[in-house]
Structure formats: structure tokens, C-alpha cells
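Read top to bottom, the protein sequences are chains L and H.
Our numbering runs 72 ahead of the 1-based position in the first sequence.
Our numbering runs 13 ahead of the 1-based position in the second sequence.
Where a beta carbon is used, it is the ideal one built from N, C-alpha and C, also for glycine.
Given the structure is predicted, the values throughout are model-derived calculations rather than measurements.
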Amino acid sequence: QKEVEQDPGPLSVPEGAIVSLNCTYSNSAFQYFMWYRQYSRKGPELLMYTYSSGNKEDGRFTAQVDKSSKYISLFIRDSQPSDSATYLCARYSFGNEKLTFGTGTRLTIIP
Amino acid sequence: DGGITQSPKYLFRKEGQNVTLSCEQNLNHDAMYWYRQDPGQGLRLIYYSQIVNDFQKGDIAEGYSVSREKKESFPLTVTSAQKNPTAFYLCASSGRGSGAYEQYFGPGTRLTVT
Numbered sequence: 073q074k075e076v077e078q079d080p081g082p083l084s085v086p087e088g089a090i091v092s093l094n095c096t097y098s099n100s101a102f103q104y105f106m107w108y109r110q111y112s113r114k115g116p117e118l119l120m121y122t123y124s125s126g127n128k129e130d131g132r133f134t135a136q137v138d139k140s141s142k143y144i145s146l147f148i149r150d151s152q153p154s155d156s157a158t159y160l161c162a163r164y165s166f167g168n169e170k171l172t173f174g175t176g177t178r179l180t181i182i183p
Numbered sequence: 014d015g016g017i018t019q020s021p022k023y024l025f026r027k028e029g030q031n032v033t034l035s036c037e038q039n040l041n042h043d044a045m046y047w048y049r050q051d052p053g054q055g056l057r058l059i060y061y062s063q064i065v066n067d068f069q070k071g072d073i074a075e076g077y078s079v080s081r082e083k084k085e086s087f088p089l090t091v092t093s094a095q096k097n098p099t100a101f102y103l104c105a106s107s108g109r110g111s112g113a114y115e116q117y118f119g120p121g122t123r124l125t126v127t
């Protein structure tokens, strides 16, 4: 079983819709979870990170961790065409100081 | 401007040739990383370095080599031993300790080997 699993999509939604992107993880160690956004042919940029459990909100973006189900989610409200990108979830566990990435979900917001 | 630079953006090589990808950062970060990205496989860690003159193998180090002689620089050499070198290569950097989870990426180098 992979440490972090992510549905590759692609996912297409109309402009203004709420987007839900999800990952599952397999290790229960104390850790951080990150969401990166990657535009085509560019390097990923860090959007948000959360601790092992709980929610974090930043503008239109909300990151959520459900520790009981080992599920991490990114919600995008009022989605815009500029949100069209690949979204990568990642897990960081203390001890090895490395990030483990999901495969990424390709999102398209349709105007 | 602080950031990470990678050069060149596109690189073409013939099979059997070694090639070196450049990565420079002016963020004063101790740690630097090299990833490879292939369609449908996400980012895979090649090598990482947490301090000057020290580096460790990642998950897919075979066919690659690195050096870390300066804090700002972490070049990656793709050797002729790498069986499938065509890919998008990303360099990243971060602080150490509590800042190690915030990795910042460069723009990437797309390597094509024919």
C-alpha cells in the first residue's frame, strides 16, 4: 500500500462550484499534510499545510484532515478558471524529514 | 528576489551522455532536494541534502549523482546508467527542523534523451 494515495482525475467542474480534492494515507505517525498546486510545466507551489488532524482555512481554500479515516481533503470555494491546475497532496513525518507525494489530481474549472 | 533557479528549462541529450542539471537557491535554506516527475507517478525523491558536504539517496537514486559543495547549490548529474532519463526534474529547498516540511520548488528542467 502506498503511503499517500490520490485519485488522478481528471476532474472538471463549472466555475463557481465547490471543489473537493481528496487523498488517503496509511501511516498514523505524527505528521504534517501539505497541498501543493502545480500549473502546467511549472514547479509546485505550497498552498497550505495542516497538522495531523483538524481544519485550516485560507481564503477560498480549506484543508481538512480526518484522522479516524486517514483522509485528507482540500476544498476550493467559488472556484475560478485560474484554479485549473494539478493539485498534489503530500505527507511529512518527523524523523526522516522527507515529503511523500500523492500522484496529483488534475483539475479543470470550466468558465 | 528570493527563490530557487533551475537551468536550463529544456535540455536535450543523446543516449549515453551524462548531463548535469543546475539548482541554485538564495533562501538561505540548509536542505535541498531533487525530485523526478513522470506522468501519473507524482514526485519521486532522487537525492536530498540536509547540510553542506552531506547528502542521502532518495527512493530512486540509481543512475544519478549529486554534490553539495556550497549551501546555495545542489547540482544533479543524470548518468548514462539511468535507464529512463527523460522526465521533468524539480529541485526544492527547505529549512531544517521545524521548517523542513515547507519545501519550495524551482521551475523545473525538462530533460529529453533520445
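Query	Result
Using a cut-off of 9 Å between C-beta atoms, extract the partners of P120/H located in chain L.	R113, K114 and G115
Given S186/L, which residues of its chain have a CB within under 7 Å of its CB, disregarding the five upstream and five downstream residues?	Missing from the structure shown is residue 186/L; chain L here goes from 73 to 183 and no further.
Would you call the stretch 133-151 of chain L in contact with the stretch 33-44 of chain H, where contact means no fewer than 3 C-beta pairs closer than 8 Å?	no
For the stretch 153-169 of chain L, which residues have a CB atom closer than 7 Å to at least one CB atom of chain H, in sequence order?	L160, Y164 and E169
List the residues of chain A that Y123/L touches, going by C-beta distances under 8 Å, in chain order.	No chain A appears in this structure, whose protein chains are L and H.
Could you give the C-beta distance for M106/L and Y164/L, rounded to a whole number, given that I count them as a contact under 8 Å?	7 Å
List the residues of chain H whose Cβ lies closer than 8 Å to the Cβ of Y104/L, in chain order.	Y114
At which residues does the beta strand (DSSP E) containing S49/H begin and terminate?	Checking the displayed sequence, the identity of residue 49/H turns out to be Arg instead of Ser. Unbroken beta strand (DSSP E) run through R49/H: A44 to D51.
Since F173/L meets chain H, which of its residues come closer than 7 Å, beta carbon to beta carbon?	G55 and L56
Straight-line CA distance for Y60/H to S124/L?	26 Å
DSSP puts V184/L in a beta bridge; with which residues?	There is no way to answer for residue 184/L, as the model of chain L reaches only from 73 to 183.
Between the C-alpha atoms of K96/H and G76/H, what's the straight-line distance to the nearest angstrom?	7 Å
Which residues in chain L have a C-beta closer than 9 Å to the C-beta of Q63/H? List them in chain order.	E169
Residues of chain L with CB under 9 Å from Y102/H, in chain order?	Those within 9 Å of Y102/H in chain L number zero; the least Cβ separation is about 10 Å.
With DSSP as the reference, identify every bridge partner of Q38/H, one or two as the case may be.	I17/H
How close, in whole Å, do the beta carbons of Y159/L and L146/L come, if the pair is a contact with beta carbons under 8 Å?	6 Å
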